[in-house]
Structure formats: structure tokens, C-alpha cells
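Undergrad: Got a structure here, written out as C-alpha cells. Questions coming.
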Amino acid sequence: MLAFDRQGSLYAAGSRLFKRASGTEQWKALDSSPFKFVSSMVFDRAGAIFAGDTKIGVFKSRDGGLSWTAMNHGLEGNALSIQALALDSRGRLYAGTWGAGVWQSVDGGASWTALNRGLRGLALNVHALAVDGDDTLYVGGEGGVFQLKSTAPASTWSAKLTPSGALTSQTLNLDFAPLAIDNGRAGCVFVGAAVQDQLFLLGSKGWQPYAGDNPTPFRSGPLGATQATLVNQLNLTGLAGTPVYAGYGQGDSPADCLTDMLQSRSYRQLFTVQ
């Protein structure tokens, strides 16, 4: 991999990192770098360098590559296999991964959010990213070429779980809204709780254990903003520390919805029993 920074210095990277300062012919090895194999580098307007590693995620340097800090909060598993990085004119950082699709950071790499709505299967194996003058992001990979327009609706969805009442008579109220682009599409909303090693899903028949097939959705049908009481006057005594999750996915069946939710990582922990 070769890349020029904004001052004209040239970086060469793979399993090692080298730098040639602007106006010189001499290369300097930056052997303090933590990398396994660097796939890409981008440079922001403040002079920071972002490097993507195919094994260990994204790193940031503020001193021309002399020292590096891991910027992987929110990235795990295949999301640490960085194949490409891109920056748009607003400073939004994108990472293309092998197996976990595309991720976005709007805070200089401090945190990451998956941008995988519409990317499934082989499309989650990303080879390259490019941003044009209108900040449209192009994603190239095994699934073809896709684009994400900068004018698209916000890339985050919202969910909030509000508890009320005593632990022996607890009520949980859900406020949920999908991505604006997903409004009206066929899908499912899931609510789950992990009790020890068993996952339970909340549906029309109450909490049901999930064994890996026939998932029970909380709601199914056209996606949209939802306000609902999940449980009313439930005795949660003895369940302290139990996490409760919510998320959603698109599809014509609950199984398809669950697969889409997991692939796009459209789920999060909302509440922990106190």
C-alpha cells in the first residue's frame, strides 16, 4: 500500500511501515507501529493519520506515524478485518471490512456504527471504498458495487426502554423508530433478554426461549415508529443483572428478519435489571 499525506510525505505499508518525507529520497522505517498488515491509510485535515489493518482494526496517529492508538470501540470479530478506509469532506470516516460490511465513525474513530442496510451475504466482503465530490460513498466488493448518498436519511435508528414501578411490579415501555429509509418496509422488531445462558424473545405469548429456529418477533409487518408497553407489573425479583435487548430487521419471515438484524447489527442493549 502507498499513500501520500497532505504535506507530500509518502507512506509505504504492508507488514511494516515506512515513510519518505516530502522533498527527500530517504525512507525511514517506523518500526514502533503495531500493525500486522496495513491495507489502507487516509489523512484528515487536522493532520491525523488513520490506518486500517486486515487483522487488528483501525489505528490513529497524530505525530506523523511515530506512535499509534487503536480506534476500535464498537468493532469486533470480522469488523476488525479492515480492507479499505475512506474520508468524506465532512470528516466522516468509513471502514470497509471482510465479512462485516461497512462501518462509519463521525467522531474521528472514537466509535463506530455499522452501515450495512442493503448489504447481505457476499456484499459484506468489501474490497474498496471511494467517496466522490458530493460525499456519495461507493462500496466495491464480492457482491458488486453499492452506493450510499450523503443526502440519505440518518444512519442511526433509535430505541429506548423506560422502566417504572418497583422491582416486584415492573413495567417496561418501549419507544422505537427504524431508519427513515426503512419506514414501511416489511420487517420485524425483536425484544430479547439473556437469562444466564438462555436467550428469551418476547412475543404475543410472552417470553419464549429461543433455541436457534423459529424466532418470535415482538412486532412484524411494515416497519415504523413504535410505542408500546413490553411488560406490565412483572416481578423481576432475582433477575438482577439481566440485560434486555431490542432490534429490528427486514424480511418476509421472522427468520429472514433475524438474519438481517444480525448481519446489519441493528440491535443494542437497552436496559439491565437492577
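The sequence shown begins at 5 in the working numbering and counts up by one.
No residue lacks a Cβ here, since even glycine has one placed at the ideal position from N, Cα and C.
#1: Could you tell me the distance, in whole angstroms, from the CA atom of A88 to the CA atom of T230?
#2: Going straight from the alpha carbon of A52 to that of S65, what length do you get?
#3: With a threshold of 8 angstroms, are at least 3 pairs of Cβ atoms found where one atom belongs to the region 142-150 and the other to the region 124-133?
#4: Under DSSP, the beta strand (DSSP E) around D289 begins and ends at which residues?
#5: With distances taken Cα to Cα, identify the nearest neighbour of G81 among S93, L91, S71, V62.
#6: In this structure, does DSSP put D57 in helix, strand or coil?
#7: Which class does G220 belong to by DSSP, given the choice of helix, strand or coil?
#8: Contact check, A190 vs Q151 under 8 angstroms by CB: the rounded distance?
#9: Label L4 either buried or exposed according to how many other C-beta atoms from any shown protein chain fall within 10 Å of its C-beta, with 16 as the threshold for buried.
#10: At a cut-off of 7 angstroms, would you count G148 as near the ligand NAD, judging by its Cβ distance to the nearest heavy atom?
#11: What residue range is occupied by the uninterrupted alpha helix (DSSP H) comprising P258?
#12: Quickly, what does DSSP pair F194 with across the bridge? List them, please.
#13: Thinking just about the alpha-carbon of each residue, which of R96, R94, W116 is nearest to the one in A74?
#14: Can P221 and V248 be called in contact, C-beta distance under 8 angstroms?
#15: Relative to the alpha-carbon of T101, which residue among G210, F22, L34, L79 has its alpha-carbon at the smallest distance?
#16: Relative to the C-alpha of D111, which residue among Q174, A104, L205, L91 is closest?
#17: Report all residues from its chain with a CB closer than 8 angstroms to the CB of M45; omit the five preceding and five following residues, and keep chain order.
#18: Shortest alpha-carbon distance to L123 belongs to which of D136, R94, V143?
#19: Fully enclosed by the region 20-100, which beta strand (DSSP E) runs are 3 residues long or longer?
TA: A quick look at the data gives this:
#1: 36 angstroms
#2: 6 angstroms
#3: yes
#4: This structure cannot settle anything about residue 289, because the visible part of the chain is limited to 5 through 278.
#5: V62
#6: strand
#7: Note that residue 220 corresponds to Thr in the displayed sequence, not to Gly. It is coil, neither helix nor strand.
#8: Their Cβ separation, rounded to whole angstroms, is 23 angstroms, which puts A190 and Q151 out of contact at 8 angstroms.
#9: Any answer about residue 4 is impossible in this case: the structure gives the chain only from 5 up to 278.
#10: Judged by which ligands are present, the structure shown has none, so any question about the ligand NAD falls away.
#11: 258-268
#12: G251
#13: W116
#14: no
#15: L79
#16: L91
#17: M5, A7, Y15, A17, I53, F54, A55, G56, L89
#18: V143
#19: 21-24, 31-33, 42-47, 53-57, 61-65, 86-91
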